[in-house]
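Going by our numbering, the letters in the sequence shown line up with residues 1068 to 1541, in that order. Backbone N, C-alpha and C define an ideal beta-carbon position, used for all residues, glycine too. Predicted model only: the values in this text are computed from it and were never measured. Scroll down for the structure; my scribbles are underneath it.
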Amino acid sequence: MPSKGVQAFTYIGVPNVSIELSVPKQSITRRDQGFWSGSLEVESRNIDSFFNKKGRFTFKVFHHGKQITEQWIDVNAITGNASGGTMESIADTPSIFHHDFIISYGLYEAGPGHEPLPNQHQCYITVTRNYSKWVTNLAPPGSEEEKKPFHRLVLPSAHDVGMNSMESSAALLRKVGGAAVATLLKRTDNTFCRVVDKLSGYPIELIAPNIIYSLSITQKDSLESMLRIGARYFEFRPARLHNSIRSRGALPDKLYFMHSAIPGMGYDTFLQGVIKFLRANRDEIIVVQLRWDGVPSDCAHPSSEEKKQYIENAIRDHAGGEINVGNLDDMKHRTIAELRRDKKRLLMLDSVNTLSTYTDDGNATINGQSIVDAFPRVLDDRGAQRRAGFVLIQCQATATNIQKALLHSIKDAGVTTSVLLATKGVCDHKTLPWCRDNVVDKCELGKTVVLMNDWLDGATVDVAAGLSRRRLAK
């Protein structure tokens, strides 16, 4: 009988929590802390209706037996499609903040399944403690831990923080149309260009919004939520709109986060959000690195004076005299206590050399194994670690570099079919346990370590905070 599978990935990081997963006539309950993955099958024979072969996949989170949330989507056992419910769109799956813990989750719709993409729908769920003040809690003011160097910390990071919504791209589409956006992608993204050549006659401009969703959106929570989940390091690529559309008035003429030539969050909005969070959490410290990887020259990069002006305006207008800006030297040589004393709780870096685990080939994966294989090859080079400004461990897959996967993602583009989301659960369940078990031994104690991920979640932060605790104890 026809059926469709749902592969679930869970992480529980707090006691007295359970996650119940169910499809018609099958359910699984997870109570143990840590990582778990398993499959459920929506079987047409288990659906009573003769004509309607949709079965509901549901997950519920309980705390001390009390239900905290229920999320669901209907899965057609015959066609494989998933629709309706609370997880029909990436934008409809924000993290849930409940007292002392956070629930992060997401769903990838596999549809009928196309090689090399997963054949089963993918759902990830993490339940972890509230990490809004995790640096404060690990190194409280006046504690011995606070006297340790800041570089002992392992900082969780939201990869491509500025691509967390369609707000800027939607405004662009309304003004210049999908054809213009498709043209921008063809001009600036070689992988996309090669795939588009294989889609001769396909109306790319008609599905431009879904293409952007599938290829560029890497986060789904607001900046405030990412900070509350626990992100403490961000890379931001500020640049102006592409020259071909800059004068057309689609968006204000200012600096935006750029994913290739696709604009995301405004740089001023980002700085304001970070400073607002720091004022509300007076012992937290955040690192921001500016860089321009992959941003085409037709998207004007800011001058040194313009970069200086943006940060000075943000501090003047929003810091209230409570925050000073630090730099790489502060990150490398100051203790946590010294940074707090001098109010240097926003450390701004600019194109600092890093030792990164990322490679185009290694991160171009569906199952994450090549990412894990690259970790020891990169990190075993202690000389390279010492020469670098800091160590950047990138857990996210870049499946958009797999031409066949990208082709299917574009043809079937939709708000739950992101090729980037397809890899989230399976990669995290390999990369994060490896980091948990190896980073303390593999990474220099005298270098800050960053743990970066798409779709920032509690498991990434829980692992980073645990590593920080162990490094502070040395």
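From residue i to residue j, what does the alpha carbon distance come to, in whole angstroms?
i: Gly1450; j: Gln1356; result: 23 Å
i: Gly1387; j: Asn1148; result: 51 Å
i: Gly1297; j: Asp1397; result: 21 Å
i: Val1341; j: Ile1382; result: 11 Å
i: Lys1127; j: Ile1079; result: 13 Å
i: Asp1428; j: Leu1488; result: 18 Å
i: Ala1177; j: Gly1151; result: 15 Å
i: Gln1134; j: Asn1197; result: 18 Å
i: Arg1057; j: His1226; result: Nothing about residue 1057 can be read from this structure; the chain reaches only from 1068 to 1541.
i: Leu1282; j: Pro1208; result: 43 Å
i: Thr1465; j: Asp1521; result: 10 Å
i: Arg1299; j: Ala1532; result: 11 Å
i: Thr1424; j: Val1516; result: 11 Å
i: Gly1132; j: Pro1082; result: 12 Å
i: Ile1140; j: Gly1435; result: 26 Å
i: Ala1455; j: Ser1371; result: 23 Å
i: Asp1335; j: Glu1389; result: 18 Å
i: Trp1103; j: His1188; result: 16 Å
i: Glu1108; j: Ala1246; result: 40 Å
i: Leu1518; j: Lys1497; result: 14 Å
i: Arg1346; j: Leu1539; result: 25 Å
i: Ile1438; j: Glu1110; result: 34 Å
i: Gly1180; j: Leu1240; result: 29 Å
In this structure, how does DSSP classify residue i when only helix, strand and coil are distinguished?
i: Met1332; result: strand
i: Arg1454; result: helix
i: Pro1276; result: helix
i: Met1293; result: helix
i: Ala1306; result: strand
i: Ser1171; result: strand
i: Val1228; result: coil
i: Arg1408; result: helix
i: Asp1397; result: helix
i: Val1221; result: strand
i: Leu1459; result: strand
i: Leu1357; result: strand
i: Val1392; result: strand
i: Ala1367; result: coil
i: Ala1149; result: strand
i: Leu1422; result: strand
Provide the residue span of the alpha helix (DSSP H) that contains residue i, from first to last.
i: Asn1204; result: Trp1201 to Leu1205
i: Leu1376; result: Note on residue identity: the sequence assigns Gln, not Leu, to residue 1376. Note, Gln1376: alpha helix (DSSP H), Ser1371 to His1385.
i: Asn1505; result: Lys1491 to Lys1509
i: Leu1534; result: Gly1525 to Leu1539
i: Arg1444; result: Gln1436 to Leu1446
i: Ser1235; result: Glu1234 to Val1243
Please tell me whether residue i and residue j are closer than 7 Å, where the distance is taken between their beta carbons.
i: His1326; j: Met1230; result: yes
i: Thr1153; j: Tyr1172; result: no
i: Gly1525; j: Ile1169; result: yes
i: Lys1374; j: Gly1393; result: no
i: Ser1485; j: Asp1288; result: no
i: Ser1106; j: Gln1074; result: yes
i: Gly1414; j: Val1354; result: Correcting the residue identity first, residue 1414 is Leu in this sequence and not Gly. For Leu1414 and Val1354, yes; Cβs fall inside 7 Å.
i: Ile1433; j: Pro1183; result: yes
i: Ala1144; j: Lys1120; result: yes
i: His1218; j: Lys1399; result: yes
i: Pro1216; j: Thr1426; result: no
i: Ala1328; j: Pro1363; result: yes
i: Ser1535; j: Leu1205; result: yes
i: Thr1136; j: Ser1089; result: no
i: Gly1331; j: Ser1235; result: yes
i: Ser1199; j: Arg1307; result: no
i: Pro1223; j: Val1528; result: yes
i: Gly1333; j: Tyr1323; result: yes
i: Glu1351; j: Val1202; result: yes
i: Gln1452; j: Leu1416; result: no
Give the range of the beta strand (DSSP E) segment to which residue i is assigned.
i: Leu1414; result: Leu1413 to Asp1417
i: Arg1196; result: His1188 to Arg1196
i: Asn1520; result: Val1516 to Asn1520
i: His1165; result: Ile1163 to His1165
i: Tyr1323; result: Tyr1323 to His1326
i: Arg1156; result: The sequence as given places Ser at residue 1156; Arg does not occur at that position. Run containing Ser1156: none; DSSP gives neither H nor E here.
**Prompt:** In chain order, which beta strand (DSSP E) runs of at least 3 residues are fully inside the region 1070–1144?
**Reply:** 1070–1079, 1084–1090, 1093–1097, 1101–1110, 1121–1130 and 1133–1143
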